[in-house]
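A.B. asks: All you need for the numbering used here is the position in the sequence shown, starting with 1, plus 39.
Even glycine gets a Cβ: it sits at the ideal position worked out from N, Cα and C.
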Amino acid sequence: MRKSNINNNKGFSVFWPTLICSCLLAEIISAKPTKAPQQYNVERVTPALELGEGPHWHSPTRSLYFVDLHQGKINRYHPESNSFFSASIEGYSDVTLIVPIENKADMFVVGLGPSLGIVQWDGRSNTTSQPKYKKLVDETPGNRLNDGKADATGRLWVGSMGSEMADNPGHYHKHLGSLYSVEPDGSINKRLSNVSISNGMAWSMDNKVFYYIDTYKFAVEAYDFDITTGDLTNGKVIFDLVANKVAGDPDGMTIDKNGNLWVACFNSNHILKIDPITGTLLTTVQLPAYQVTSAAFGGPELDELYVTTAGYQLTEAQKAKRPYSGAVFRVTNTGSTGLEGVPAKAHLCPENQLHTI
Ligand SMILES: *[C@@H]1O[C@H](CO)[C@@H](O)[C@H](O)[C@H]1NC(C)=O
Ligand SMILES: *[C@@H]1O[C@H](CO)[C@@H](O)[C@H](O)[C@H]1NC(C)=O
Numbered sequence: 040m041r042k043s044n045i046n047n048n049k050g051f052s053v054f055w056p057t058l059i060c061s062c063l064l065a066e067i068i069s070a071k072p073t074k075a076p077q078q079y080n081v082e083r084v085t086p087a088l089e090l091g092e093g094p095h096w097h098s099p100t101r102s103l104y105f106v107d108l109h110q111g112k113i114n115r116y117h118p119e120s121n122s123f124f125s126a127s128i129e130g131y132s133d134v135t136l137i138v139p140i141e142n143k144a145d146m147f148v149v150g151l152g153p154s155l156g157i158v159q160w161d162g163r164s165n166t167t168s169q170p171k172y173k174k175l176v177d178e179t180p181g182n183r184l185n186d187g188k189a190d191a192t193g194r195l196w197v198g199s200m201g202s203e204m205a206d207n208p209g210h211y212h213k214h215l216g217s218l219y220s221v222e223p224d225g226s227i228n229k230r231l232s233n234v235s236i237s238n239g240m241a242w243s244m245d246n247k248v249f250y251y252i253d254t255y256k257f258a259v260e261a262y263d264f265d266i267t268t269g270d271l272t273n274g275k276v277i278f279d280l281v282a283n284k285v286a287g288d289p290d291g292m293t294i295d296k297n298g299n300l301w302v303a304c305f306n307s308n309h310i311l312k313i314d315p316i317t318g319t320l321l322t323t324v325q326l327p328a329y330q331v332t333s334a335a336f337g338g339p340e341l342d343e344l345y346v347t348t349a350g351y352q353l354t355e356a357q358k359a360k361r362p363y364s365g366a367v368f369r370v371t372n373t374g375s376t377g378l379e380g381v382p383a384k385a386h387l388c389p390e391n392q393l394h395t396i
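1) Straight-line CA distance for N142 to D279?
2) What is the DSSP secondary structure of A303, counted as helix, strand or coil?
3) Does the region 315-335 come close enough to the region 360-374 to have 3 or more Cβ pairs within less than 8 Å?
4) Contact defined as beta carbons within less than 8 Å: I believe H109 pairs with L90. What is the distance between those atoms, to the nearest angstrom?
5) DSSP on V381, reduced to helix/strand/coil?
6) Please write down, chain order preserved, every residue whose beta carbon lies under 6 Å from a heavy atom of ligand 2.
7) Indicate, with yes or no, if ligand 1 has a heavy atom lying under 7 Å from the CB of N165.
8) Would the beta-carbon of G365 be found less than 7 Å away from any heavy atom of ligand 4?
9) Measure from the C-beta of L136 to each C-beta in chain D and report whether the shortest distance is under 8 Å.
10) Could you check which residue in T317, K284, A356, C304 has the C-alpha nearest to that of A334?
11) If you follow the alpha helix (DSSP H) that E355 is in, where does it begin and where does it stop?
12) In the DSSP assignment, find the beta strand (DSSP E) that holds A261 and state where it starts and stops.
13) Is L423 helix, strand or coil when you go by DSSP?
14) If D295 sits next to S375, beta carbons under 8 Å apart, how far is it from one beta carbon to the other, in whole angstroms?
15) Using the beta-carbon count (16 or more within 10 Å), is K188 buried or exposed?
16) For the region 155-163 against the region 342-357, are there 3 or more C-beta pairs whose distance is under 8 Å?
17) Is it buried or exposed for P180, if we count other Cβ within 10 angstroms and need 16 for buried?
18) Taking only three categories from DSSP, how would you classify S364?
19) Taking the DSSP output, what are the residues bridged to D253?
20) Identify every run of the beta strand (DSSP E) within the region 155-220, keeping only runs that are complete inside it and at least 3 residues long; order them along the chain.
21) Name the two residues that bound the continuous beta strand (DSSP E) containing T347.
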């Protein structure tokens with residue numbers, strides 16, 4: 040597939056000398072209190088999926104992994120060869136997250152409905168192995184898992200949500216979900232309950248704060264985080280979308296090395312850059328999609344923002360207007376760099392209690 044530039048800012052052409060200059064400029068600018076307007080470049084890098092989610096930049100394979108949630112697929116985009124690979128996990132229709140396992144290039148923890156499982160994938164074939172191990176995480180009938188991520192110690196965090204309302208598509212039963220962590224011995228701890236749609240997670244650089252999004256709160260929250268025990272305390276709202284008159288439903292998020300959050304907004308075409316210390320909106324980046332679902336920094340310098348989107352339950356008119364709703368987009372020239380994805384520790388392997396099926 041050819042790269043295509045979809046939303047180039049006028050007058051900004053993409054070639055390496057320009058990018059290098061812009062990066063240097065961005066560093067100089069960021070050292071000063073006043074900010075020049077940013078010129079983002081947005082390009083589409085994959086075909087349009089139905090519901091792209093859970094991007095994870097895997098440095099060992101220099102690839103972005105992500106899911107197409109209801110299609111039951113895991114995907115890989117490899118920037119150097121500009122290639123896209125997609126594999127079905129046969130028999131599963133809700134594959135909600137993908138996190139590579141530490142030191143195992145072809146093993147992944149995936150969300151499978153309400154359970155976690157481990158699949159083997161070479162990153163190229165169109166199917167994975169059947170799940171080798173599987174463990175039920177959320178026992179509430181109708182619930183399924185949603186986004187998940189490993190913290191700096193490799194402890195896996197995964198949240199859940201209620202089912203979609205049969206008579207109200209796109210809306211979900213509230214307050215039935217939870218946030219869990221999977222500990223080094225394979226045991227699972229419920230960390231938060233009364234969650235509606237568990238979504239974005241990020242940790243501050245010093246690992247003392249956990250940022251969290253329960254979509255139906257239309258806000259980003261911060262908890263004091265104890266990385267040794269995994270305890271979350273003193274939750275408070277640090278950015279309220281409604282109070283800030285920002286449209287959309289907060290979904291996935293990532294953090295950059297300056298400690299700012301990049302928050303994807305479902306039911307909108309933008310991603311927000313938020314300073315969580317001051318609670319201010321710094322920037323908005325527009326994408327040619329109706330549903331922006333999540334983001335992760337990647338690329339060799341970790342300065343490329345990969346944004347997943349969806350084209351879920353769109354009308355034909357919407358699909359015609361934004362045909363690439365559902366693709367992954369690469370945003371460059373943000374002036375920000377992020378952190379590579381943290382792989383999950385191999386404690387999810389069978390000797391440590393993840394049950395075989
Ligand atoms: C998957 O790949 C195999 C060969 O490796 C091919 O025969 C098959 O048609 C492919 N299936 C799909 C759905 O592309
Ligand atoms: C659940 O959370 C909502 C806010 O999202 C709150 O209004 C409600 O009181 C909470 N319920 C319980 C049982 O904590």
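C.D. replies: So, from the data block:
1) 39 Å
2) strand
3) yes
4) 6 Å
5) coil
6) H214, N233, K256
7) yes
8) The model depicted lacks ligand 4 and carries ligand 1 and ligand 2 instead.
9) Although the question refers to chain D, the structure presented lacks it and comprises just one protein chain.
10) C304
11) 355-360
12) 258-264
13) Any property of residue 423 remains undetermined from this structure, which presents the chain solely from 40 to 396.
14) 4 Å
15) buried
16) no
17) exposed
18) coil
19) S237
20) 172-175, 183-189, 195-200, 207-211
21) 343-349
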